[in-house]
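Mapping of the first sequence onto our numbering: residues 1 to 827, in sequence order. Using N, Cα and C, we set each Cβ at its ideal position, and we do this for glycine too. Quick caveat: nothing in here was measured; it's all calculated off a predicted structure.
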Amino acid sequence: MKDAYFPQEIEKKWQKIWEEKGVFKTPDDSEKPKYYALSMFPYPSGKLHMGHVRNYTITDVIARFKKMNGYNVLHPMGWDSFGLPAENAAMKHGANPETWTDENIAYMTKQLKMLGLSYDWDREVTTCKPDYYKWTQWLFLQLYKKGLAYKKEAAVNWCEECGTVLANEQVIDGKCWRCDHVVEKKYLSQWFLKITDYAEVLLEDLDKLTGWGDNVKIMQENWIGKSQGAIFRFKVVENDLEVPVYTTRPDTVHGITYLVVAPEYKDIEKLTTPENKEAVELYRANARKMTEIERLSTDRVKTGVPLGTHCINPFTGEKFPLWTADYALAEYGTGAVMAVPAHDTRDFDFAKKYNLPLKVVIQNPENPSDCKEEAYTEPGVLVNSNEFNGMKNEEAKKAITQKSVDEGFGEFKTQYRLRDWLVSRQRYWGAPIPVVYCEKCGIQPVPEDQLPVMLPKDVDFSVVGKSPITTSKTFVNTTCPCCGGPAKRETDTMDTFVCSSWYYLRYSDAKNDKLPFAKDKVNKWLPVDQYVGGIEHAILHLLYSRFFTKALRDLGLLDFDEPFKNLLTQGMVLKDGSKMSKSKGNTVDPDEIFENYGADTARLFILSDSPPARDFDWSDAGVEGCYKFLNRVWRLISSDAENINFNYPKFAAGELKKKDNDNLLRLVHIAIKGITNDISNDFQFNTVISKYRELVNAIYDWRGKKSDLDDEDRNVLSFAIITLIKLMSPVAVHLTEEAWHELGGEGSVHEQEWPMWDDNLAKASSITLVVQINGKVKDKIEADEALSEDELKALALSSAKVKELTAGKNIVKTIVVPKKLVNIVVK
RNA sequence: GCCCUGGUGGCGGAAUCGGUAGACGCGUCGGACUUAAAAUCCGGUUGGAGUUAAAUCCAGUGCCAGUUCAAGUCUGGCCCAGGGCACCA
1 MKDAYFPQEI EKKWQKIWEE KGVFKTPDDS EKPKYYALSM FPYPSGKLHM
51 GHVRNYTITD VIARFKKMNG YNVLHPMGWD SFGLPAENAA MKHGANPETW
101 TDENIAYMTK QLKMLGLSYD WDREVTTCKP DYYKWTQWLF LQLYKKGLAY
151 KKEAAVNWCE ECGTVLANEQ VIDGKCWRCD HVVEKKYLSQ WFLKITDYAE
201 VLLEDLDKLT GWGDNVKIMQ ENWIGKSQGA IFRFKVVEND LEVPVYTTRP
251 DTVHGITYLV VAPEYKDIEK LTTPENKEAV ELYRANARKM TEIERLSTDR
301 VKTGVPLGTH CINPFTGEKF PLWTADYALA EYGTGAVMAV PAHDTRDFDF
351 AKKYNLPLKV VIQNPENPSD CKEEAYTEPG VLVNSNEFNG MKNEEAKKAI
401 TQKSVDEGFG EFKTQYRLRD WLVSRQRYWG APIPVVYCEK CGIQPVPEDQ
451 LPVMLPKDVD FSVVGKSPIT TSKTFVNTTC PCCGGPAKRE TDTMDTFVCS
501 SWYYLRYSDA KNDKLPFAKD KVNKWLPVDQ YVGGIEHAIL HLLYSRFFTK
551 ALRDLGLLDF DEPFKNLLTQ GMVLKDGSKM SKSKGNTVDP DEIFENYGAD
601 TARLFILSDS PPARDFDWSD AGVEGCYKFL NRVWRLISSD AENINFNYPK
651 FAAGELKKKD NDNLLRLVHI AIKGITNDIS NDFQFNTVIS KYRELVNAIY
701 DWRGKKSDLD DEDRNVLSFA IITLIKLMSP VAVHLTEEAW HELGGEGSVH
751 EQEWPMWDDN LAKASSITLV VQINGKVKDK IEADEALSED ELKALALSSA
801 KVKELTAGKN IVKTIVVPKK LVNIVVK
């Protein structure tokens, strides 16, 4: 074994050997239990960033640990390779999105291999390749046939910068998730997936996800936004229309003093009197012009105009006016709101501004309020509510809704905030939506045997204001699969999140050309046992994938209902306290780290300083420190290489004669136990690494006190070093393989069994008894762990220190914690 | 406004059950080796008091209370930081 550590040399060498020998291939047929470890696959943007390095290293260590523990591990990688950056790059540089994407994939693949990740590359999936998007299209057609994909005209989010519509989930604070451009509303006919059909089960099944963090589950719960209430229908006085409203406060129905409809409300023109028409039209035109950000701002002063018409409250017979105001949202509930200013802060503000009346119907009996200063929104008892007076408002909700049901003007209603998923995009670089439009036959799905609908190559990327795909001469015009007449292809492509909603299923059967995946294979490998990725997908990708899994189960394509059993959302990689980004100029290029220190140092460092779920602060000194540590490990092994053999006996407790040898043996067992537990318990790799360091320090200490080694010494040392190599092998993958090989180990260290500890040895030979007086530590005594409670007590009381401090005082009580501590309470 | 997460030395962070606060590392200070430097090795490093040096004592896990023999850990109230949601009726 060489004296010095040359990571660049050994890393390349082993990467090549592993690839040639197929060390990381995953057989489908194995007696071993399966384990599926998955990182969120990357968008091939050009180069890996440190966030990728962190994500993939975490998953890789998990995969290797599970493999050593006897699992048949599936650990695949692929590319989320459709999407706008490729198209934008093509427009800018006159290149082709496909070329740009292929080059990036090639470069990033090289980087992934340099990191020493244990992927089975035979299962690689690339969403922009026809052999993948064929199946994305096929799945779309299955959803279409089930009525889960449909086209409709709706107010949709439009990003002018990206030249396309966006899903609700992709609008962050009224801005585009990708380019930060302000999103506008447009009325367009678009394709949607009916995720709302699954709103209830998506919510309910969150309870099954015990391996997910509460933060992600709560975010999904909020996004789905279930609320329970009632629909009431109000008759219009001036004509025979009805206005239905949704409310979560049916208990306040007697307090209605006006009613608000959204400016986009469908019947608004019929509800407007001729005298009010001009003002209403003006108000609606202004509302249209406003951006979503302005419109949804809660600190904006509320505005509105009266329509001139009125409704009757069927509970009271009272007549109240109709208004339009943009604080009512067209897309939620019925688009109309019953206003109870006494008990709703928003209605209160509005009523105050326009001098609308206010009627108190809920009161706190202890502290009644007239609601003149502010709305009373707390629980209370009903007043001014006819037969419901005196009822607690929670009970009244049910009773009042029941009355509306009995009398035929209302019903119980559960409402969700979740909207259907808008999946069509007016862009080129995506999976074409496989439908055609025929003048005679209407919308026609492309027959399955004609899939994939290939992306055309004859497109002009320099066009502005429309999707490049529309410039293709070969693509748009086609024939109708139904009547054979002329027809036009759908030119919209699918949101990339559709492609990424099923990729984890494809890994189970990546080369299948008959189906997206065989049912037996997908059922065998899924669900994913451990999914690792960024928190930014808490709603987007993770919600869509859950929906896809449930929909595909209902289509009979698979037999499970949740795709990801355990989820680890790793923290961000920061430098100087803020997220690494090109614009801030605080990025660190992984290539430079590989070149200067090697992949093992990068892997060790990215796991060392913070637990995986927390943000990680990059420091150059930290990298340096990890590099030094690996050198130290190398020296430890290489300097004693001739003293290490693989034939050491298995030691039992008390067998070793020399105290220091017994001590080292115990420290190794303590390390095995600690490291195994730290990995098993939420993957606390930072403490795993500190335990590597402790063990290395302990071996150095032991070695420093020895000059000549006898057989017992050599055996203990061999056990310690070989165990260290195994324990470190999931992290320092190349160094440990080289050492394993150089010491004469058989096969690959990565195919060894994970070491086991002996409970009798995984502890110190004696205990340190802590002696407290009144809860404060006063003395520590080395003691035999076999001592009884009484003996421990006697030992503590015999301490000179204790005698001194308790002299002349009254011992009230003595608490003994076995093997640990004695607390003497004195007065 | 609502919801979540976090707050421990100069810094990153440790601390199964309530039981030695500060593991491990970074930084820093001192020492060894060296003609010198680098590398390496050894040692100190929460604050304050104390001492030639030590022993030793006191305080200390965002703040204020509480429970307990014992609280970083449990309970109640508050403050701060980060994140999510938000005219969703």
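Assuming contact is defined by CB atoms lying nearer than 9 Å, are residue i and residue j in contact in what I supplied?
i             : j                 : result
leucine 515   : tryptophan 135    : yes
valine 696    : aspartate 600     : no
valine 812    : lysine 778        : no
valine 532    : tyrosine 504      : no
glutamate 562 : leucine 115       : no
tyrosine 428  : proline 468       : yes
alanine 558   : phenylalanine 497 : Strictly speaking, residue 558 in this sequence is leucine, with alanine absent from that position. In this structure, phenylalanine 497 does not lie closer than 9 Å to leucine 558 by Cβ.
leucine 567   : proline 612       : no
threonine 478 : valine 436        : yes
alanine 783   : threonine 768     : yes
glutamate 169 : tyrosine 544      : yes
Who are residue i's beta bridge partners in DSSP?
i                 : result
histidine 75      : Answer is none; histidine 75 lacks a bridge partner.
tryptophan 618    : Lys575
tyrosine 43       : In DSSP, tyrosine 43 forms no bridge with anything.
tyrosine 246      : Ile231
aspartate 779     : Val771
glycine 534       : Gln570
isoleucine 443    : Tyr437
cysteine 311      : Val236 and Phe320
cysteine 159      : Thr164 and Val183
glutamate 294     : In the DSSP output, where bridge partners are listed per residue, glutamate 294 has none listed.
glutamine 363     : Val381
phenylalanine 564 : Val528
arginine 489      : Val436
cysteine 176      : Val171
serine 189        : Glu153
isoleucine 815    : Asn823
Is any non-hydrogen atom of the ligand FMN found closer than 8 Å to the C-beta of residue i, if you look at the structure I gave you?
i          : result
valine 826 : As far as ligands go, the structure on display features none, and thus does not contain the ligand FMN.
Is it buried or exposed, residue i, if we count other Cβ atoms within 10 angstroms and call 16 or more buried?
i                 : result
asparagine 823    : buried
phenylalanine 320 : buried
threonine 57      : buried
glutamine 415     : buried
glycine 390       : exposed
threonine 549     : buried
aspartate 620     : exposed
histidine 93      : exposed
serine 578        : exposed
lysine 820        : exposed
serine 508        : buried
glutamine 15      : buried
alanine 106       : exposed
tyrosine 692      : buried
histidine 181     : exposed
phenylalanine 41  : buried
alanine 652       : exposed
tyrosine 376      : buried
valine 260        : buried
serine 639        : exposed
How close, in whole Å, do the beta carbons of residue i and residue j come, if the pair is a contact with beta carbons under 8 Å?
i              : j                 : result
tryptophan 191 : isoleucine 433    : 6 Å
isoleucine 781 : leucine 805       : With 8 Å as the limit, isoleucine 781 and leucine 805 do not qualify as a contact, their Cβ atoms being about 15 Å apart.
leucine 418    : tryptophan 223    : 7 Å
isoleucine 637 : leucine 717       : At roughly 10 Å, the Cβ-Cβ gap does not stay under 8 Å, so isoleucine 637 and leucine 717 are not in contact.
glutamate 275  : glycine 308       : 6 Å
proline 829    : phenylalanine 348 : For residue 829 there is no data in the structure shown, the boundaries of the chain being 1 and 827.
- For the 8 Å Cβ check, are there 3 or more pairs between the region 221–237 and the region 296–316? Three or more Cβ pairs drawn from the region 221–237 and the region 296–316 lie within less than 8 Å of each other, which places the two stretches in contact.
- Task: Give a yes or no on contact between the region 448–462 and the region 192–203, applying the rule of three or more CB pairs nearer than 8 Å.
- Result: No, they do not touch.
- Message: Does the structure place the region 249–258 close enough to the region 270–290 that three or more beta carbon pairs sit under 8 Å?
- Response: Output reads no: the region 249–258 does not touch the region 270–290.
- Task: Decide if the region 2–14 is in contact with the region 722–742; the criterion is three or more beta carbon pairs, one per stretch, under 8 Å apart.
- Result: Between the region 2–14 and the region 722–742 there are three or more inter-stretch CB-CB distances shorter than 8 Å, so the stretches are counted as touching.
- Does the region 215–222 come close enough to the region 392–410 that 3 or more CB-CB pairs lie under 8 Å? Judged by pairs of C-beta atoms under 8 Å, the region 392–410 does not touch the region 215–222, as fewer than three such pairs exist.
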